[in-house]
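Protein chains in written order, with our numbering: chain P, 378 to 929; chain X, 345 to 422. Structure, as structure tokens:
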Amino acid sequence: MFIGAFLIPLFPHFYRQIYMLLLVILSALALFSVEGTHFVIQLKNINFILHQSDSLSFPFAIVFHIAAFIIIIYGSHIKDWKEQLAIMSYAGASIAALHAGDLFTLFLWWEATAFTSVILIFCGNTLRAYRSAFRYIIIQVGSGILLLSGAILLFQSNDEAIFQQLDINSTPGLLIFIAFGIKAAFPFLNGWLQDSYPEASEVGTVALSSFTTKLAIYALARSFAGVEVLIYIGALMTFFPIFFAVIENDLRRVLAFSLNNQLGFMVVAIGIGTELAINGAVAHAFAHIIYKGLLFMSMGAVLYRVGTCKASELGGLFKYMPITAVCSIVGAVSISAFPLFSGFVAKSLIMSSLGYEGLTLIYFMLLFASAGVLHHSGIKIPFFAFFAHNSGLKPKEAPINMIAAMLISSLLCILIGIFPSLFYQILPYNTYYQPYDFSHVVSQLQLLMFAVFAFICLWHFKIYPPELNSTVLNSDWFYRVLFYRIINFFVNKVFNIWDNLSFNIMTLIKFLFLKIQNSSIQSGNSAVKVGRSTVLILFSLGFVLVCNYLLF
Amino acid sequence: MSIFKRFVKSFGIPNSIALLICIILLLLEFAGDRHGETKYEDFIFFPAFFGFISCIVIFKVGVALRSVFMRDEDYYDK
Numbered sequence: 378m379f380i381g382a383f384l385i386p387l388f389p390h391f392y393r394q395i396y397m398l399l400l401v402i403l404s405a406l407a408l409f410s411v412e413g414t415h416f417v418i419q420l421k422n423i424n425f426i427l428h429q430s431d432s433l434s435f436p437f438a439i440v441f442h443i444a445a446f447i448i449i450i451y452g453s454h455i456k457d458w459k460e461q462l463a464i465m466s467y468a469g470a471s472i473a474a475l476h477a478g479d480l481f482t483l484f485l486w487w488e489a490t491a492f493t494s495v496i497l498i499f500c501g502n503t504l505r506a507y508r509s510a511f512r513y514i515i516i517q518v519g520s521g522i523l524l525l526s527g528a529i530l531l532f533q534s535n536d537e538a539i540f541q542q543l544d545i546n547s548t549p550g551l552l553i554f555i556a557f558g559i560k561a562a563f564p565f566l567n568g569w570l571q572d573s574y575p576e577a578s579e580v581g582t583v584a585l586s587s588f589t590t591k592l593a594i595y596a597l598a599r600s601f602a603g604v605e606v607l608i609y610i611g612a613l614m615t616f617f618p619i620f621f622a623v624i625e626n627d628l629r630r631v632l633a634f635s636l637n638n639q640l641g642f643m644v645v646a647i648g649i650g651t652e653l654a655i656n657g658a659v660a661h662a663f664a665h666i667i668y669k670g671l672l673f674m675s676m677g678a679v680l681y682r683v684g685t686c687k688a689s690e691l692g693g694l695f696k697y698m699p700i701t702a703v704c705s706i707v708g709a710v711s712i713s714a715f716p717l718f719s720g721f722v723a724k725s726l727i728m729s730s731l732g733y734e735g736l737t738l739i740y741f742m743l744l745f746a747s748a749g750v751l752h753h754s755g756i757k758i759p760f761f762a763f764f765a766h767n768s769g770l771k772p773k774e775a776p777i778n779m780i781a782a783m784l785i786s787s788l789l790c791i792l793i794g795i796f797p798s799l800f801y802q803i804l805p806y807n808t809y810y811q812p813y814d815f816s817h818v819v820s821q822l823q824l825l826m827f828a829v830f831a832f833i834c835l836w837h838f839k840i841y842p843p844e845l846n847s848t849v850l851n852s853d854w855f856y857r858v859l860f861y862r863i864i865n866f867f868v869n870k871v872f873n874i875w876d877n878l879s880f881n882i883m884t885l886i887k888f889l890f891l892k893i894q895n896s897s898i899q900s901g902n903s904a905v906k907v908g909r910s911t912v913l914i915l916f917s918l919g920f921v922l923v924c925n926y927l928l929f
Numbered sequence: 345m346s347i348f349k350r351f352v353k354s355f356g357i358p359n360s361i362a363l364l365i366c367i368i369l370l371l372l373e374f375a376g377d378r379h380g381e382t383k384y385e386d387f388i389f390f391p392a393f394f395g396f397i398s399c400i401v402i403f404k405v406g407v408a409l410r411s412v413f414m415r416d417e418d419y420y421d422k
């Protein structure tokens, strides 16, 4: 698929769409025919395992193909082949990374996802997007360098760098853990996600939300399942983005915060590491790619028609974009984990795993986060875009291709929610789990409906403040502002020191000049003495000039 | 006009439906043996209480954090 993507420019617009869909279908069919380890290339002492498929990579590969298929339909109105090439090569690189059998191969595809995805941010075609793309690529490449360093250290000690369970207490393990953590948007390493994703085009953001972070979740599940610290990292990830999402005005950025929060659920499940929990992480990643993509698509459709995604400027669009609104609501109830929707059958696995392991505090943190998800993604997204107040905007309904893509995603959200046993069959472990029992359903409905009711009260009694045009500070502030200020401070200090030094030298030269002049006058204006003084002054000035040249 | 109708008129039909669903869900608590993943969840109406309070807390903390994390729209462009 990655190689096939580079033939995209050869096709005219219509045939290009068909070609891309065929590429995805062929690649998906290959998943069912190729299993196990294949395509091992030996270069010097290193074995590059290009294809390794097992029960963990399989569900990720399936959902990556589904996402790619839906994104192609959603973006089929794009005339620019460059963006479509980026989407296809990005999806191809992500799928190839899933099948990497060793860490060096993983590194190559890891960086390929970075370089293909950054094009999507550039395709945002704004100054903010360009700047954001540069920050994005530095961080993504940094993650790759850490991964490569870890792989090299591992190879030096073991003579192999197989992509398998790693020891976090070893140096290579820790380096690789941080590399995965950057792409999984761990706390304080997450700034790039909210910075870059909303800057891409309406199609680019959907693609970005589908692959990179879920590839990192897959990598964590393969290499660090059962590592306890992930439980706490994941719990923090579910907890903090809620508050940022609540105050954020840009609805696509709200979804980026929400994405971070959802990744937290998966990271917690990987940290628990039991069969049920790993199933939960994979199920959640699977369902999440579809419903998060759906939410991003609905906001993308709004952006495409209206030109903005700011809550403060939207409202009342239900009348003009009813299909988009309904699809957005399906995405919203799915992410909120209402019964009969995909989020419920996936998230229940994780919550039950926590209950079985007796992790009560983490359980309640995630329960609190579930109410938070409802607040910012379940209510805020559809409510402020399609209801709230009348913004005066009268856009047309989304284009037919966008509607088709959103309807497919909506259908998948509902089908997964209604037939969980079919969905559970593709998960890595064969464990029995029944999400639909009286306790689960009633508890979940009570939690969600009373959170909805709380929002209704806040809105109805006008306690909820209006959305404001603003920027919400995030962890990217550290390198966008604090780092800049620190560098600025030190540069200013050095310049001040040099200014003082120059001033003192000049004062000294003036003093010497006056001394020489006075002594010359006293000795009767001897021509020889004046000449010596002139030479001394010239040398002094020359010295200062050379110093200035070297320093500046 | 009955109190019920006046309430629906002032609170809004969609909001009243949501309230009605909430009441039904509370009544469902007595229709079967609801139990949670932890023993704390077994308390009567616990999920309802937790959901309501969580939403209020998230709102309150979110509003409080506006003064800490919220800046002008062109903050990074200056």
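The beta carbon of each residue, even a glycine, is placed where N, CA and C say it ideally should be.
Setting aside the 5 residues that flank it on each side, A463(P) is surrounded in the same chain by T493, I496, L497, each with a C-beta closer than 6 Å to its C-beta; the list follows chain order.
At least one beta carbon of chain X lies nearer than 8 Å to the beta carbon of G749(P). Of the residues assessed, E844(P) falls on the buried side of the cut-off, its CB having 16 or more other CB atoms within 10 angstroms.
Close to Y740(P), with beta-carbon spacing below 8 Å, are these residues of chain X in chain order: E381, T382.
In its chain, beyond the 5 residues on either side, K687, A688, S689, E844, L845, N846, S847 have a beta carbon closer than 7 Å to the beta carbon of N626(P). For secondary structure counted as the alpha helix (DSSP H) over 4 or more consecutive residues, the segment 493-529 of chain P holds no complete run. A Cβ-Cβ distance of about 6 Å is found for the pair H766(P) and G693(P), placing them in contact under the 8 Å criterion. Here the segment 551-559 of chain P makes no contact with the segment 426-439 of chain P; the two share fewer than three CB pairs at distances below 8 Å. Residues of the segment 391-404 of chain X that bring their beta carbon within less than 7 Å of a beta carbon in chain P comprise P391, A392, F394, G395, F396, S398, C399, I400, I402, F403, in sequence order.
When secondary structure is reduced to three states using DSSP, R629(P) falls in the helix class. Residue burial is scored here from C-beta neighbours: F617(P) has at least 16 other C-beta atoms within 10 angstroms and is therefore classed as buried. Annotation: Cβ neighbours of V407(X) in chain P (cutoff 7 Å, chain order): P842. For Y841(P), same chain residues with a beta-carbon under 6 Å away, outside a window of 5 residues either side, are L835 in chain order. The straight-line gap separating the alpha-carbon atoms of Y420(X) and R857(P) is approximately 8 Å. Assigned with DSSP and collapsed to three states, I455(P) falls in coil, not helix or strand. Scanning the segment 577-656 of chain P for uninterrupted alpha helix (DSSP H) segments of 4 residues or longer gives 579-587, 589-600, 606-624, 628-649, listed from N- to C-terminal end. In the three-state reduction of the DSSP assignment, T382(X) falls in the coil class, being assigned neither a helical nor a strand state. The alpha-carbon of F920(P) is positioned some 54 Å away from that of F532(P). Judged by pairs of C-beta atoms under 8 Å, the segment 601-613 of chain P does not touch the segment 533-541 of chain P, as fewer than three such pairs exist. Listed along chain X are G380, E381, T382, E385, each with a C-beta nearer than 9 Å to that of G732(P). With respect to chain X, the C-beta atom of N869(P) has no partner C-beta closer than 8 Å. Using a CB distance below 7 Å, the part of the segment 815-840 of chain P facing chain X consists of F815, S816, V819, S820, L822, Q823, L824, L825, M826, F827, A828, V829, F830, A831, F832, I833, L835, H837, ordered along the chain. With respect to R393(P), W458(P) sits close: the two C-beta atoms are nearer than 8 Å.
Going by DSSP, I758(P) is part of no beta strand (DSSP E) but of the alpha helix (DSSP H) stretching over 758-763. Spanning the alpha carbons of I785(P) and V580(P) requires a straight line of approximately 16 Å.
In the DSSP assignment, I426(P) falls outside any alpha helix (DSSP H) and within the unbroken beta strand (DSSP E) covering 423-430.
C790(P) is positioned such that its CB atom lies closer than 8 Å to that of L671(P). Assignment of alpha helix (DSSP H) within the segment 813-844 of chain P, counting only whole runs of 4 or more residues, yields 815-837 in chain order. The alpha carbon of A468(P) has as its nearest neighbour, out of S453(P), G568(P), F563(P), L400(P), the alpha carbon of L400(P).
Beyond the five residues adjoining it in sequence on each side, G735(P) comes within less than 6 Å, by CB distance, of no other residue in the same chain. T414(P) is classed as exposed because its beta carbon has fewer than 16 other beta carbons within 10 Å across all chains shown. For H415(P), the enclosing beta strand (DSSP E) has its first and last residue at 413-420. The DSSP-derived three-state label of M698(P) is coil. Looking from the CA of V518(P), the closest CA among R505(P), L504(P), W486(P), D544(P) belongs to W486(P).
Assigned with DSSP and collapsed to three states, M779(P) falls in helix. Inclusion of F718(P) and G406(X) in the CB contact set at 8 Å is not warranted, their separation being larger than that value.
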